[in-house]
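Q:
Number of protein chains: 2
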Amino acid sequence: MAAKRTKRNQDEHRFLEQYDADAFERLSVSVDVSLLTQVGGELRVFLVRRDEHPFRGQWSLPGGFVGVDESLEAAARRVLRDKAALEGVFLEQLFTFGQPDRDPRTRVLTVAYYALVDWSRLAELPTGSDAALATLHVPFAGETGGPVDVTVDGEPLLVAFDHADIVGMAIKRLRGKLDYAPIGFQLLPERFTLLQLQQLHETVLGQQLNKDSFRRRMLQSGMLEATGEREKAVGHRPAELYRFVHRSAI
Amino acid sequence: MAAKRTKRNQDEHRFLEQYDADAFERLSVSVDVSLLTQVGGELRVFLVRRDEHPFRGQWSLPGGFVGVDESLEAAARRVLRDKAALEGVFLEQLFTFGQPDRDPRTRVLTVAYYALVDWSRLAELPTGSDAALATLHVPFAGETGGPVDVTVDGEPLLVAFDHADIVGMAIKRLRGKLDYAPIGFQLLPERFTLLQLQQLHETVLGQQLNKDSFRRRMLQSGMLEATGEREKAVGHRPAELYRFVHRSAI
DNA sequence: AAAATAGTGTCTATGAGACACTATAGT
DNA sequence: ACTATAGTGTCTCATAGACACTATTTT
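Chains A and B supply the protein sequences, listed in that same order.
Throughout the first sequence, residue numbering follows the numbering used here, covering 2 to 251 in sequence.
Throughout the second sequence, residue numbering follows the numbering used here, covering 2 to 251 in sequence.
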């Protein structure tokens with residue numbers, strides 16, 4: 002029995018040594034990251050201007066090809082580091098887009114990720130001719146999934162490839178997870194008021210929420226922890242600052 | 002202005018003609034399908050026995066490499082047709098698994114799909130030495146996401162690659178979508194009783210459900226349509242048969 | 001004092017769970 | 001008649017929304 006197993010392993014070892022990786026055609030694989038943030042009641046996405054063909058001059062999600070020995074998430078984090086100078090942010094796989102004609106160069110399959118950050122971590126990024134924090138205009142309040150309109154100061158941007166679809170799916174995912182996953186706090190500073198949290202939810206969901214029940218739901222969820230501190234210099238009674246608590250059990 | 006745009010297009014055209022697809026390393030890309038079904042209060046997955054290295058003799062999800070001009074979903078449907086003789090079934094992208102060492106041959110990234118079918122469409126499949134409908138033993142009732150135990154007649158099967166993880170994620174996705182998406186009926190025959198539907202939900206979720214509120218929820222959801230027919234020869238009052246109605250709105 | 005938002009207490013409407021009861025098939 | 005499940009009606013409890021009211025800060 003032991004001998005048999007050993008023989009098998011030798012078989013497999015020999016097979017692997019002789020394996021021809023080109024036995025099947027290989028594809029170019031990239032990652033593209035929808036880096037989302039929120040400010041002033043608007044959702045924004047970080048875009049870079051393409052300075053090379055194809056779609057030269059148009060705007061696209063930050064992305065890059067996946068290295069042969071690089072995991073998908075590592076590739077996405079590398080892209081965030083190189084193009085947006087960000088590390089340690091929330092990042093999750095979104096969907097893999099693989100229509101054969103989605104890239105005019107050659108077959109390029111892209112594994113889309115989405116990332117969430119507080120506005121303060123993006124505000125200092127140099128934007129202008131080569132990068133932009135574009136405002137998202139999402140079709141309608143409920144579901145989306147389709148492409149999204151993208152503007153800067155009200156002017157529409159041309160979005161390259163199928164990246165407008167990718168951003169649309171990112172918004173849809175964010176909306177879907179907001180209510181049952183501790184995901185919203187990724188878009189807020191470390192300490193925040195309940196009103197800020199509610200306004201964030203309203204921005205993401207695209208609809209007004211009831212103040213009373215929102216408060217109750219959030220405080221009962223056990224995800225929030227009062228800090229004892231209060232906001233300052235606000236021209237009215239200051240609200241308590243809360244912090245998200247990462248619970249081990251559910 | 003028109004001239005400028007034309008020049009641009011010529012530029013881009015020339016660029017594309019000269020593009021070297023090997024400028025970046027390419028990867029092998031496969032699809033793997035978790036084909037799930039349900040019978041007798043158990044969830045089952047369709048597995049095939051590998052007759053080639055690596056993992057020869059072990060069991061894996063039906064899968065295949067993606068052709069250069071083939072969309073991902075087309076590849077998944079091809080796999081279902083070739084390995085399970087199925088067409089026109091529910092199929093949805095699940096997740097892309099891309100750990101560099103997940104395949105001992107070479108870097109193989111796999112786009113996982115999951116498919117759902119009524120048991121009657123799988124019962125006639127020849128299983129035995131080369132294919133099996135394995136019973137799934139899911140860790141615990143709530144969430145999963147980790148690997149899943151797979152048995153046939155109580156005997157555990159060796160599952161190749163990271164396919165046990167893939168099946169685990171498929172179950173998790175199915176559980177998550179069951180309550181808010183018209184997805185459960187994919188696992189039932191065309192006409193079914195409310196009790197059958199409830200037992201399906203109990204099987205998938207791994208927990209008992211309240212009969213009264215389950216009835217109410219389902220009937221109020223607008224997803225069900227009474228057929229006027231009743232089940233026959235059941236040794237007790239026969240239940241009405243329902244059909245799922247595909248709504249355009251919502 | 002006025003303005004503005006924070007935060008509390010309570011009433012009401014809605015949906016889930018529990019339970020009792022009636023209905024209808026096969027045996 | 002007996003058994004087993006289908007299906008209905010009603011009560012209770014938990015939660016969301018609505019609304020009134022009090023609290024606390026800056027100007």
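Note that the Cβ used here is the ideal one computed from N, Cα and C, for glycine as well.
Owing to the predicted nature of the structure, the values given are computational and were not obtained by experimental measurement.
1. Do L110(A) and A135(A) have their beta-carbon atoms positioned less than 8 Å apart in this structure?
2. Which of the residues in the region 85-112 of chain B, read from start to end, lie with their CB under 7 Å from any CB of chain A?
3. What residue range does the alpha helix (DSSP H) around E74(A) cover?
4. Can the beta-carbon of M219(B) be found less than 8 Å from the beta-carbon of L195(B)?
5. With burial defined as no fewer than 16 other Cβ atoms inside 10 Å of the residue's Cβ, what is the status of P239(B): buried or exposed?
6. Anything in the region 48-62 of chain A with a Cβ closer than 9 Å to a Cβ of chain B? List those residues in chain order, please.
7. Any residues in the region 13-35 of chain A with a beta carbon nearer than 7 Å to a beta carbon of chain B? Which ones, in chain order?
8. For D70(B), go through chain A and note every residue whose CB falls closer than 8 Å to its CB, in chain order.
9. Using 8 Å as the limit for Cβ to Cβ distance, is F186(A) near chain B?
10. Let me see if you follow: with CB-CB separation under 8 Å, is L81(B) close to chain A or not?
11. Using C-beta distances below 6 Å, list every residue in its chain close to F96(B), excluding the 5 sequence neighbours before and after it, in chain order.
12. For the region 159-217 of chain B, list the alpha helix (DSSP H) runs that are entirely contained and at least 4 residues long, ordered along the chain.
13. Go ahead and pull the three-state DSSP assignment for R15(B).
14. Who are the near neighbours of F80(B) in its chain, counting only those whose CB is closer than 7 Å to its CB and skipping five residues on each side?
15. What's the gap between the Cα of E241(B) and the Cα of T228(B)?
16. Distance check for A22(B) and E93(A), CA to CA, integer angstroms please.
17. Can you find a C-beta in chain A that's less than 8 Å from the C-beta of L206(B)?
18. Consider the Cβ of F66(A): report whether some Cβ of chain B lies at a distance smaller than 8 Å.
19. Considering only the alpha carbon of each residue, which of V30(B), E13(B), Q11(B) and E43(B) lies closest to G155(B)?
20. If we count the other Cβ atoms within 10 Å of its Cβ and call it buried at 16 or more, is D163(B) buried or exposed?
21. Does the Cβ-Cβ distance between V151(B) and V46(B) come in under 8 Å?
22. Spell out whether any CB of chain A is found under 8 Å from the CB atom of L37(B).
23. Would you check if the distance between the CB atom of A75(A) and the CB atom of F91(A) is smaller than 8 Å?
24. If you count every other CB in all the chains shown that lies within 10 Å of the CB of Y243(A), and 16 or more means buried, which is it?
25. Name the one or two DSSP bridge partners that Q94(A) has.
26. Pop quiz: R122(A) and P55(A) are said to be a contact at Cβ under 8 Å. What is the actual Cβ separation, rounded to whole angstroms?
27. Per DSSP, what kind of secondary structure is L220(A) in: helix, strand or coil?
28. Determine the closest residue to L87(A) out of L37(A), E53(A) and V160(A), with distance taken between C-alpha atoms.
29. If you reduce the DSSP assignment to three classes, tell me which class A240(B) lands in.
30. If we count the other Cβ atoms within 10 Å of its Cβ and call it buried at 16 or more, is L210(A) buried or exposed?
31. In angstroms with no decimal places, state the Cα-to-Cα distance between R27(A) and V69(A).
32. Please list, in chain order, all residues of the same chain as A133(B) whose beta carbon is under 6 Å from its beta carbon, the five residues on each side excluded.
33. Using DSSP with H/G/I as helix, E/B as strand and the rest coil, what is D33(A)?
34. Classify R122(A) as helix, strand or coil using the three-state DSSP reduction.
35. With a CB to CB cut of under 8 Å and the five nearest residues on each side skipped, what residues in its chain are close to R192(B)?
36. Which residues in chain B have a C-beta closer than 8 Å to the C-beta of L73(A)? List them in chain order.
A: This is what the structure holds:
1. Numbered from 1 along the first sequence, position 134 holds the residue referred to as residue 135(A). Numbered from 1 along the first sequence, position 109 holds the residue referred to as residue 110(A). No; because the gap between Cβ atoms is not below 8 Å, this pair is not in contact.
2. Q94, F96, T97, G99, Q100, P101, P105, R106, T107, R108, L110 and V112
3. For the purposes of this step, residue 74(A) is identified with residue 73 of the first sequence, where counting begins at 1. Residues L73 to A85.
4. As a working mapping, residue 219(B) is identified with position 218 in the second sequence. As a working mapping, residue 195(B) is identified with position 194 in the second sequence. Yes, they are a contact pair.
5. Here residue 239(B) refers to the residue found at position 238 of the second sequence. Answer is exposed; the Cβ neighbour count stays below 16.
6. E53, H54, P55, F56, R57 and G58
7. Along the region 13-35 of chain A, going in chain order, the ones with a CB nearer than 7 Å to a CB of chain B are E13, F16, L17, Y20, A22, F25, E26, R27, L28, S29 and V30.
8. Residue numbering aside, residue 70(B) sits at position 69 when the second sequence is read from its first letter. Among the residues of chain A, those whose CB is under 8 Å from the CB of D70(B) are P101 and R108, following chain order.
9. As a position in the first sequence, residue 186(A) is number 185, starting the count at 1. It does not: the Cβ of F186(A) has no partner Cβ on chain B nearer than 8 Å.
10. As a working note, residue 81(B) is residue 80 in the second sequence. Not an interface residue.
11. Counting from 1 along the second sequence, the entry for residue 96(B) is found at position 95. Annotation for F96(B): A113 and M170 place their beta carbon closer than 6 Å to its own, counting only its chain and skipping 5 residues before and after.
12. 164-179 and 195-206
13. In the second sequence, counting from the first residue as 1, residue 15(B) sits at position 14. DSSP places R15(B) in helix when its eight states are reduced to three.
14. For the purposes of this step, residue 80(B) is taken as residue 79 along the second sequence, with counting starting at 1. Strictly speaking, residue 80(B) in this sequence is Val, with Phe absent from that position. Hits under 7 Å: V32, V34, P63, G64 and G65.
15. Here residue 241(B) is taken as the residue at index 240 of the second sequence, counted from 1. Here residue 228(B) is taken as the residue at index 227 of the second sequence, counted from 1. One C-alpha to the other measures close to 7 Å.
16. For the purposes of this step, residue 93(A) is identified with residue 92 of the first sequence, where counting begins at 1. For the purposes of this step, residue 22(B) is identified with residue 21 of the second sequence, where counting begins at 1. If I take the Cα positions, the gap works out to 28 Å.
17. As a first step, residue 206(B) is located in the second sequence; it is residue number 205 there, counting from the start. Answer no: the Cβ-Cβ gap between L206(B) and chain A never drops below 8 Å.
18. For this step, residue 66(A) is matched to residue 65 along the first sequence. At least one chain B Cβ lies under 8 Å of F66(A).
19. Residue 155(B) sits at position 154 when you count from the first residue of the second sequence. Selected option, being the one with the closest Cα: E43(B).
20. Against the second sequence, residue 163(B) aligns to sequence position 162. Buried, by the Cβ-count rule.
21. Within the second sequence, residue 151(B) is the residue found at index 150, counting from 1. Within the second sequence, residue 46(B) is the residue found at index 45, counting from 1. Yes, the pair counts as a contact, with Cβ atoms nearer than the cut-off.
22. Within the second sequence, residue 37(B) is the residue found at index 36, counting from 1. At least 8 Å separates the CB of L37(B) from every CB of chain A.
23. Position 74 of the first sequence, counted from the start, is the residue given in the question as residue 75(A). Position 90 of the first sequence, counted from the start, is the residue given in the question as residue 91(A). No, these two residues do not count as a Cβ contact at 8 Å.
24. Here residue 243(A) corresponds to residue number 242 of the first sequence, with the count starting at 1. Per the 10 Å Cβ criterion, buried.
25. Taking the first sequence and counting its residues from 1, the one referred to as residue 94(A) is at position 93. The partner list for Q94(A) (beta bridge, DSSP) reads Y114(A).
26. For the purposes of this step, residue 122(A) is identified with residue 121 of the first sequence, where counting begins at 1. For the purposes of this step, residue 55(A) is identified with residue 54 of the first sequence, where counting begins at 1. Not confirmed; about 31 Å, so no contact.
27. For this step, residue 220(A) is matched to residue 219 along the first sequence. Note: L220(A) maps to helix in three-state DSSP.
28. In the first sequence, counting from the first residue as 1, residue 87(A) sits at position 86. Checked all of L37(A), E53(A) and V160(A); the closest Cα to L87(A) is L37(A).
29. Position 239 of the second sequence, counting from 1, holds the residue named residue 240(B). Of the three classes helix, strand and coil, the one that applies to A240(B) here is coil, per DSSP.
30. Within the first sequence, residue 210(A) is the residue found at index 209, counting from 1. By the neighbour-count rule (16 or more Cβ atoms within 10 Å), L210(A) is not buried but exposed.
31. Along the first sequence, one-based indexing puts residue 27(A) at 26. Along the first sequence, one-based indexing puts residue 69(A) at 68. In a straight line, the C-alpha of R27(A) is about 11 Å away from that of V69(A).
32. On the second sequence, position 132 is the one that residue 133(B) refers to. So the list reads L48 and V153, once near-sequence residues are dropped.
33. Position 32 of the first sequence, counting from 1, holds the residue named residue 33(A). It is a strand residue.
34. If you number the first sequence from 1, residue 122(A) lands on position 121. Helix, per DSSP.
35. Here residue 192(B) corresponds to residue number 191 of the second sequence, with the count starting at 1. Excluding positions up to five away in sequence, the list reads T228, E230, L242, Y243 and R244.
36. Here residue 73(A) refers to the residue found at position 72 when the first sequence is read from its first residue. Within 8 Å Cβ-Cβ: T97, G99 and L110.
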